[in-house]
Amino acid sequence: MPGLLSLANELIANIADELDTRKIFRNTCRRINAVVSPRVFSYITIDIHEERLDVGISQLEALATKSTCAAEYIRTIDIRRLAPKYNPKGPTFVNGKLVVNNEPKNPKIDLVEERMRELLPGALSTLKGATTAIWAMCGRNPDWASVLVSEFLATLPALDTLHLVAALGQPKLHLDRISNLTKLIVKNDPDAAIAEIIANSPHLTHLDILTNSYEVAGYTTTLHSLLGNVPRGRPLRLEHLGVSGCCVRLDHETLSHLPHLRSLELNSIPYIPVNERQFYTEDLLSKSDRFGSSSKDLWGAVEREGIPLEVVVAAADDAVIDYLASTTGIKKISLPEADTDVLANRFFTQVVLRHSKTLVSLSIAADFEGLWCFGNHNVNILLECAQLSKLSIAVDTSSTSGGKEAIIDGIVNQIMDMAAQMPNLRQLELLSANREILRNARCGNPTMSHYRRTFQALCKSISSFGPVDPAIRINLITVGQWKFQPRCGADGVIKYVL
Numbered sequence: 020m021p022g023l024l025s026l027a028n029e030l031i032a033n034i035a036d037e038l039d040t041r042k043i044f045r046n047t048c049r050r051i052n053a054v055v056s057p058r059v060f061s062y063i064t065i066d067i068h069e070e071r072l073d074v075g076i077s078q079l080e081a082l083a084t085k086s087t088c089a090a091e092y093i094r095t096i097d098i099r100r101l102a103p104k105y106n107p108k109g110p111t112f113v114n115g116k117l118v119v120n121n122e123p124k125n126p127k128i129d130l131v132e133e134r135m136r137e138l139l140p141g142a143l144s145t146l147k148g149a150t151t152a153i154w155a156m157c158g159r160n161p162d163w164a165s166v167l168v169s170e171f172l173a174t175l176p177a178l179d180t181l182h183l184v185a186a187l188g189q190p191k192l193h194l195d196r197i198s199n200l201t202k203l204i205v206k207n208d209p210d211a212a213i214a215e216i217i218a219n220s221p222h223l224t225h226l227d228i229l230t231n232s233y234e235v236a237g238y239t240t241t242l243h244s245l246l247g248n249v250p251r252g253r254p255l256r257l258e259h260l261g262v263s264g265c266c267v268r269l270d271h272e273t274l275s276h277l278p279h280l281r282s283l284e285l286n287s288i289p290y291i292p293v294n295e296r297q298f299y300t301e302d303l304l305s306k307s308d309r310f311g312s313s314s315k316d317l318w319g320a321v322e323r324e325g326i327p328l329e330v331v332v333a334a335a336d337d338a339v340i341d342y343l344a345s346t347t348g349i350k351k352i353s354l355p356e357a358d359t360d361v362l363a364n365r366f367f368t369q370v371v372l373r374h375s376k377t378l379v380s381l382s383i384a385a386d387f388e389g390l391w392c393f394g395n396h397n398v399n400i401l402l403e404c405a406q407l408s409k410l411s412i413a414v415d416t417s418s419t420s421g422g423k424e425a426i427i428d429g430i431v432n433q434i435m436d437m438a439a440q441m442p443n444l445r446q447l448e449l450l451s452a453n454r455e456i457l458r459n460a461r462c463g464n465p466t467m468s469h470y471r472r473t474f475q476a477l478c479k480s481i482s483s484f485g486p487v488d489p490a491i492r493i494n495l496i497t498v499g500q501w502k503f504q505p506r507c508g509a510d511g512v513i514k515y516v517l
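In the numbering used here, the protein residues as written are 20 to 517.
Here you go:
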């Protein structure tokens with residue numbers, strides 16, 4: 020009978036990916052070590068703070084002295100804190116009282132920072148093969164460390180993906196020297212250098228800018244400013260654009276980068292109606308007038324230009340529903356905000372049915388219980404989506420018949436009956452929506468209590484559901500932070516377990 024070593028390297032690698040013990044598995048023999056090591060060591064996290072002084076410095080020493088072979092396999096670098104003096108425990112609240120961590124400072128901290136300063140340049144220099152970098156800037160980092168990381172990122176010859184979590188109070192960095200990316204994700208307040216990175220990356224196809232600067236920093240980022248430095252006559256060929264918290268206007272300047280767009284995500288786009296102008300800063304008002312658009316204008320422009328979107332992520336409103344009801348070929352719809360039964364009825368009857376042959380992912384975060392939630396009103400429509408592999412939807416516990424647990428049990432049973440008729444459904448996420456009677460509540464405690472009790476009832480119902488029909492192909496059910504997977508018990512019965 021052929022053994023493991025008779026398999027192709029790709030199959031051995033795939034087997035290793037399924038093992039929790041793949042670090043041990045790689046030591047089986049030289050061939051398996053050669054096949055598995057690039058998978059085991061492809062990702063590195065660098066995180067140094069008061070709780071990880073010894074581990075963090077040992078890691079830097081191993082890299083800087085080249086005493087580990089891992090560096091040659093590393094393709095993704097995740098840089099978090101470089102702050103030996105920072106204690107992540109910090110002050111906490113216990114029984115409503117602020118409790119400060121009064122543990123004595125580690126006397127080695129100053130020596131550790133000096134040692135980190137010696138080792139970090141050499142350690143980073145061994146990671147030149149990285150193609151992806153994730154950098155969550157930390158305001159507790161010493162300035163020299165942040166500057167060093169920014170200079171290092173600019174020297175990576177194969178870097179094509181950068182995920183940057185910006186932070187206020189950073190020193191002058193050299194982000195504008197980073198170039199030739201294909202994917203850029205920036206969270207929080209984008210530095211002016213981000214526009215230079217975009218301009219220096221002519222092959223950029225994926226751009227996510229997620230900021231709330233107009234709310235917390237008093238200034239406003241615009242899509243025009245982000246794309247304004249791209250050389251004229253050489254527009255980008257963006258395939259994905261995600262924007263949150265930025266002013267967006269789709270005109271001849273911005274649309275030139277979007278004819279190849281397949282995925283568009285628009286959230287919290289600031290646009291100030293005339294009757295609300297007194298509540299906002301002059302900077303936001305000026306940029307909203309010059310570079311902003313209403314949802315109706317934005318989605319109207321997408322429709323007029325005939326941009327062939329396959330993925331749409333946006334808060335549900337009339338403009339989004341109108342666009343989705345007018346186009347074809349949508350594969351993924353995500354509505355992070357969804358309210359009013361009128362819109363829900365339009366969405367399921369005019370949008371979901373229209374795209375039922377192409378939809379593979381549908382996510383609806385209902386604000387309040389009602390027609391946006393799963394129920395008798397939409398189960399037959401969802402059954403029309405034969406290709407659907409991922410569904411995220413809220414449950415409605417507002418029924419007057421029975422207690423919450425009985426209502427939840429009925430919903431779970433109905434969802435499982437539906438799933439048995441959807442052979443491609445692999446992932447299910449069940450959400451909670453706020454109660455309608457709490458819409459104008461001044462206190463959040465009743466809402467939090469409702470969410471907690473709904474999640475508890477869902478977890479209990481899913482755990483007790485069974486035996487699972489073999490026709491149900493769902494391999495992951497998510498409820499809040501809890502994840503359930505099908506397992507066969509000693510009695511041969513398949514049930515979903517945490």
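C-beta: ideal position from N, C-alpha, C; glycine also. A quick note: this is a predicted structure, and the numbers were derived from the prediction, not measured.
When we look at the beta-carbon of residue i and count the other beta-carbons within 10 Å, is it buried (16 or more) or exposed?
{"i": "CYS265", "result": "buried"}
{"i": "VAL521", "result": "This structure leaves residue 521 out entirely; the chain is present only between 20 and 517."}
{"i": "ALA27", "result": "exposed"}
{"i": "GLY247", "result": "exposed"}
{"i": "ARG253", "result": "exposed"}
{"i": "GLY508", "result": "exposed"}
{"i": "VAL235", "result": "Note that VAL235 has pLDDT 44, beneath the 50 cutoff, so the model's placement of it is unreliable and the number below is only indicative. By the 10 Å Cβ count, VAL235 comes out exposed."}
{"i": "THR346", "result": "buried"}
{"i": "ILE349", "result": "buried"}
{"i": "ALA490", "result": "exposed"}
{"i": "THR230", "result": "buried"}
{"i": "ARG458", "result": "exposed"}
{"i": "LEU271", "result": "Just to set this straight, residue 271 is His in the shown sequence, not Leu. Exposed."}
{"i": "ASN397", "result": "buried"}
For residue i, which residues of its own chain have a beta-carbon under 6 Å away from its beta-carbon, when the five flanking residues on both sides are left out?
{"i": "LEU410", "result": "LEU381, LEU447"}
{"i": "SER314", "result": "ASP336, ALA338"}
{"i": "ARG159", "result": "ALA102, TYR105"}
{"i": "PHE310", "result": "THR241, HIS243, CYS266, ARG268"}
{"i": "ASP66", "result": "ARG99, ARG100"}
{"i": "ILE426", "result": "THR416, SER418"}
Expressed to the nearest angstrom, what Euclidean distance is found between the alpha-carbon atoms of residue i and residue j?
{"i": "ALA53", "j": "GLU29", "result": "12 Å"}
{"i": "LYS202", "j": "ALA32", "result": "26 Å"}
{"i": "MET441", "j": "GLU356", "result": "26 Å"}
{"i": "TYR92", "j": "THR150", "result": "11 Å"}
{"i": "TRP501", "j": "ALA155", "result": "26 Å"}
{"i": "PRO107", "j": "LEU223", "result": "36 Å"}
{"i": "PRO190", "j": "GLY499", "result": "38 Å"}
{"i": "SER77", "j": "ASN219", "result": "36 Å"}
{"i": "GLU520", "j": "THR473", "result": "Outside the modelled stretch of the chain, which goes from 20 to 517, sits residue 520, for which no answer is possible."}
{"i": "SER375", "j": "CYS404", "result": "4 Å"}
{"i": "SER25", "j": "PHE44", "result": "16 Å"}
{"i": "LEU183", "j": "LYS206", "result": "6 Å"}
{"i": "ASP415", "j": "GLY422", "result": "13 Å"}
{"i": "VAL512", "j": "LEU378", "result": "32 Å"}
{"i": "PRO7", "j": "ALA452", "result": "Outside the displayed span of the chain (20 to 517) sits residue 7, for which this structure offers no information."}
{"i": "ARG281", "j": "ASP358", "result": "26 Å"}
{"i": "GLU137", "j": "ARG100", "result": "17 Å"}
{"i": "ASP195", "j": "LEU172", "result": "10 Å"}
{"i": "GLY75", "j": "THR87", "result": "15 Å"}
{"i": "PHE503", "j": "LEU517", "result": "5 Å"}
{"i": "MET20", "j": "ALA439", "result": "Bear in mind that a pLDDT of 36 at MET20, under 50, signals an unreliable position, so the number given afterwards is only what the model happens to contain. Each residue's Cα considered, the two are about 38 Å apart."}
What does DSSP give as the partner residue(s) for residue i in the beta ladder?
{"i": "PHE44", "result": "For PHE44, which the question treats as bridged, DSSP gives no partner whatsoever."}
{"i": "ARG519", "result": "Missing from the structure shown is residue 519; the chain here goes from 20 to 517 and no further."}
{"i": "GLY453", "result": "The residue you asked about is not Gly; residue 453 is Asn in the sequence shown. Answer is PHE387, bridged to ASN453."}
{"i": "CYS507", "result": "ILE513"}
{"i": "THR151", "result": "THR95, THR180"}
{"i": "ALA413", "result": "LEU450"}
{"i": "LYS202", "result": "THR180, HIS225"}
{"i": "VAL166", "result": "None, per the DSSP bridge assignment."}
{"i": "LEU146", "result": "DSSP output for LEU146 lists no bridge partner at all."}
{"i": "GLU523", "result": "Residue 523 is absent from the structure shown; the chain starts at 20 and stops at 517."}
Can you list, in chain order, the residues of its chain with a C-beta nearer than 8 Å to that of residue i? Leave out the 5 residues immediately preceding and following it.
{"i": "ASP36", "result": "ARG58"}
{"i": "GLY485", "result": "VAL512, ILE513, LYS514, TYR515"}
{"i": "LEU178", "result": "ALA149, THR150, THR151, ALA152, LEU172, ILE197, ASN199, LEU200"}
With a CB to CB cut of under 7 Å and the five nearest residues on each side skipped, what residues in its chain are close to residue i?
{"i": "SER287", "result": "SER263, GLY264"}
{"i": "ALA334", "result": "ASN286, LEU354, PRO355, GLU356"}
{"i": "ALA90", "result": "LEU82, THR145, LEU146"}
{"i": "LEU2", "result": "Outside the shown range of the chain (20 to 517) lies residue 2, about which nothing can therefore be said."}
Less than 7 Å separating the Cβ of residue i from some heavy atom of the ligand NAD?
{"i": "GLN406", "result": "Ligands displayed in this structure: none; no statement on the ligand NAD is therefore possible."}
Note to self: Which complete alpha helix (DSSP H) runs does the segment 46 to 108 hold, if anything under 4 residues is left out?
What the structure shows: If we require 4 residues or more, the alpha helix (DSSP H) runs fully inside the segment 46 to 108 come out as 49 to 59, 72 to 83.
Next on the checklist: My parser needs the beta strand (DSSP E) runs of 3 or more residues fully inside the segment 228 to 276; what are they?
Outcome noted: Entirely contained in the segment 228 to 276, the beta strand (DSSP E) runs reaching 3 residues are, in chain order, 259 to 263.
Minimum length 4: unbroken alpha helix (DSSP H) runs contained in the segment 330 to 384: DSSP runs (the alpha helix (DSSP H)) wholly in the segment 330 to 384: 337 to 345, 360 to 365.
Exercise. Of all the alpha helix (DSSP H) runs that stay within the bounds of the segment 461 to 501, which reach a length of 4 or more residues?
Worked result: Note on the segment 461 to 501: whole alpha helix (DSSP H) runs with a minimum of 4 residues are 464 to 483, in chain order.
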